[in-house]
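Here the structure comes first, spelled out in structure tokens, and everything after it is commentary.
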Amino acid sequence: MTYQLDFTSLGAYWPQFLAGALTTLQFTLYATALGLVIGIVGAIARGSHVGWLRLVAGIYVEVVRNTPFLIQIFFLFFGLASLGLRMPIFVAAVLAMVINVGAYSTEIVRAGIESVHPSQIEAAESLGLSRFQIYRDIILKPALERVYPSLTSQFTLMMLMSSVTSQVSAEELTGAANNIQSVTFRSMETYLIVGLLYLLLTLLLKAGFWGLGQVLFPRRRRLGTVL
Amino acid sequence: MKRRTLLGLAAAAIIVAAAPASAASLAEIQAAGKIRIAVVPGVPLFAFVDANLNLTGSDVEISRLIAKDLGVEIEFVEIANAARVPTIQAGTADILVGNLAITPQRQEVIDFTVPYSTLDIIVGAPERYGITGYESLEGQRVGVTRATVNDTLITEHSPNAEQVRFEDDATLITALASKQLDIVSTQGAVLAAINERRADDPLEVSFVQQSLDLGIALPKGQPELLAWLNDWVKKNFADGTLPKLFESFHGRELPADLVDRVH
Chain A
1 MTYQLDFTSL
11 GAYWPQFLAG
21 ALTTLQFTLY
31 ATALGLVIGI
41 VGAIARGSHV
51 GWLRLVAGIY
61 VEVVRNTPFL
71 IQIFFLFFGL
81 ASLGLRMPIF
91 VAAVLAMVIN
101 VGAYSTEIVR
111 AGIESVHPSQ
121 IEAAESLGLS
131 RFQIYRDIIL
141 KPALERVYPS
151 LTSQFTLMML
161 MSSVTSQVSA
171 EELTGAANNI
181 QSVTFRSMET
191 YLIVGLLYLL
201 LTLLLKAGFW
211 GLGQVLFPRR
221 RRLGTVL
Chain B
1 MKRRTLLGLA
11 AAAIIVAAAP
21 ASAASLAEIQ
31 AAGKIRIAVV
41 PGVPLFAFVD
51 ANLNLTGSDV
61 EISRLIAKDL
71 GVEIEFVEIA
81 NAARVPTIQA
91 GTADILVGNL
101 AITPQRQEVI
111 DFTVPYSTLD
121 IIVGAPERYG
131 ITGYESLEGQ
141 RVGVTRATVN
151 DTLITEHSPN
161 AEQVRFEDDA
171 TLITALASKQ
181 LDIVSTQGAV
191 LAAINERRAD
201 DPLEVSFVQQ
211 SLDLGIALPK
221 GQPELLAWLN
231 DWVKKNFADG
241 TLPKLFESFH
251 GRELPADLVD
261 RVH
């Protein structure tokens, strides 16, 4: 236990750290935007009256939530390439994240939808609102507002989980750290810095989600109460 | 009171857990009757799992011989490629027999024995790419295993090549076999393993990057262990044990002056 911390030799590598952090952030932004869309569509499908739609959404959620992320990304990157479908690592990584986070979001949004009391929908129907209006204003908006905290923590988890994509050569933050560590041999310092960067990214993401929440949910912004 | 006891227990647990992390000296290894040797499974010919699911390969068998001649039991510490130097630095294994090339940068942080094996590193690609040297790699996607000399050399000589880095040789082989990539910088045995899996579009040796001398790695500050290992390598090289063992896996001879090479 006589290890001497030395950060000076890592100074030259800050552009790599930064590039890695930016890639991680990019992965996360794409995965969040597309994952949310899949989550909403998936949740509607799971509660649909159409049998096969419910079945497809159910299989998707169960398969993705019950297999490891690493296996999913190996399948996408290596498995599909064996069948002749080559995709760049950026696309493969984002796709894997979207598929993964989409399944979790589906379940979260579904919980939100199920929390909307049937009497609200009945009231909307008797007021003559169209099906689309009911879904948009009476079901989805309050549902999303209610599960927003769960959704944001799922997306934050997703960002941390993106470190796994370094296994298939994505040069995100963890990949960059592994490179830097292998050149400088300062593994302890490298991973300390990377840990700190992930922490900063998490805080940044949290602040971003908070701001987005303020814009998306004016009711909460004005009243400051939970739904 | 109860809380304090718990805290004490927790602290003790941490200390106990941390204790075996430091590398043992020669005397400590002999006293304990056990040596922890780090190997890197998934490297063809050097360390791999055979058809009967036994760990074998030249590095693995050399490790077994070392433990036998030390008169102690062996505990394999199986690690990934990029963890080779950190494992020795952190002392999670006593020594590493992991096809690690002796380089000046690595010598600054860990110690090496005299060379015990060699490794030719090469660039391989299908013929149609017309790769002949580092210049022709510019702008191409080249697969490497992270934290290898290959990685360093490509970075240095072909700065505009797009390096695609994998954690271990096994994943690199998968990337080439699944045709995710066509060009690779690796060693001969890995290239053979790749070609077994893509017979329809095989890779050829485009050029040899470097011939590397491999050393057994150990933490700095273990002079007795280093001296014992150096003697062991020289003795087993002279009596033919080591060259024969190497040839049985690799099908090629080690250079006669290997153990006298100075790094």
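So the sequence lines, in the order shown, correspond to chains A and B. Each residue of the first sequence is one higher than the one before, counting from 1 in the numbering used here. Each residue of the second sequence is one higher than the one before, counting from 1 in the numbering used here. Glycine included, every Cβ here is placed at the ideal spot set by N, Cα and C. From a predicted model like this one, the values you see are computed outputs, not experimental measurements.
When DSSP states are grouped into helix, strand and coil, residue 204 of chain B belongs to the strand group. Contact check between the stretch 110-130 of chain B and the stretch 216-223 of chain B: three or more CB pairs, one atom from each, fall below 8 Å, which counts as touching. Shown here is that no member of the stretch 38-60 of chain B has a Cβ falling below 9 Å from a Cβ of chain A. The beta-carbon distance between residue 133 of chain B and residue 39 of chain B, rounded to whole angstroms, is 33 Å. This is too long to meet the 8 Å contact definition. Where residue 68 of chain B is concerned, the enclosing alpha helix (DSSP H) starts and stops at 58-70. For the 7 Å CB-CB criterion, residue 185 of chain B and residue 78 of chain A do not form a contact. Nearest to residue 112 of chain A by C-alpha distance, out of A:75, A:14, A:86 and A:151, is A:151. Interface flag for residue 178 of chain A against chain B is set, since a Cβ pair is found closer than 7 Å. Following the DSSP letters along the chain, one finds residue 54 of chain A inside the alpha helix (DSSP H) bounded by residues 51-65. No Cβ of chain B is located within less than 7 Å of the beta carbon of residue 7 of chain A.
Going by C-alpha positions, residue 72 of chain B is about 40 Å away from residue 10 of chain A. The beta carbon of residue 134 of chain A sits closer than 8 Å to those of 121, 124 and 125, all from its chain and outside the five residues before and after it, given in chain order. Annotated three-state conformation of residue 185 of chain A is coil, per DSSP. One alpha carbon belongs to residue 61 of chain A, the other to residue 106 of chain A, and they sit about 7 Å apart. Rounded to whole angstroms, the gap between the alpha carbons of residue 164 of chain A and residue 27 of chain A is 12 Å.
Apart from the 5 residues on each side of it in sequence, residue 78 of chain B sits with its Cβ closer than 7 Å to the Cβ of 39 and 41 in its chain, given in chain order. About 7 Å separates the Cβ atoms of residue 101 of chain A and residue 155 of chain A, confirming a contact at the 8 Å cut-off.
With a threshold of 16 other beta carbon atoms within 10 Å, residue 186 of chain A meets it and is buried. Listed in chain order, the non-local C-beta contacts of residue 190 of chain B below 6 Å within the same chain comprise 44 and 169, local neighbours out to five positions each way being set aside. Within the stretch 67-83 of chain B, those residues whose Cβ lies closer than 7 Å to any Cβ of chain A are, in chain order, 82. For residue 124 of chain A, not one C-beta of chain B is nearer than 7 Å to its own C-beta.
Three or more Cβ pairs closer than 8 Å define a contact, and the stretch 189-196 of chain A falls short of that threshold against the stretch 44-62 of chain A. Looking at B:202, B:238 and B:206, the one whose alpha-carbon comes closest to that of residue 130 of chain B is B:206.
Within chain A, not a single residue places a beta-carbon under 9 Å from that of residue 123 of chain B; the smallest gap is close to 17 Å. Per DSSP, residue 234 of chain B is one residue of the alpha helix (DSSP H) stretching across 223-238. Residue contact with chain A for residue 198 of chain B: absent (no Cβ-Cβ distance below 7 Å to any residue of chain A). Within the stretch 76-131 of chain A, no complete beta strand (DSSP E) segment of 3 residues or longer occurs. Using a Cβ-Cβ distance cut-off of 8 Å, the stretch 81-90 of chain B and the stretch 48-59 of chain B are not in contact, since fewer than three pairs of beta carbons, one from each stretch, lie closer than that value. Residue 178 of chain B reaches chain A at 78, 81 and 82, counting residues in chain order whose Cβ is nearer than 7 Å.
When DSSP reads this structure, residue 41 of chain A sits in no beta bridge, so it has no partner. Comparing C-alpha distances from residue 76 of chain A to each of A:20, A:215, A:204 and A:91 shows the shortest one belongs to A:91.
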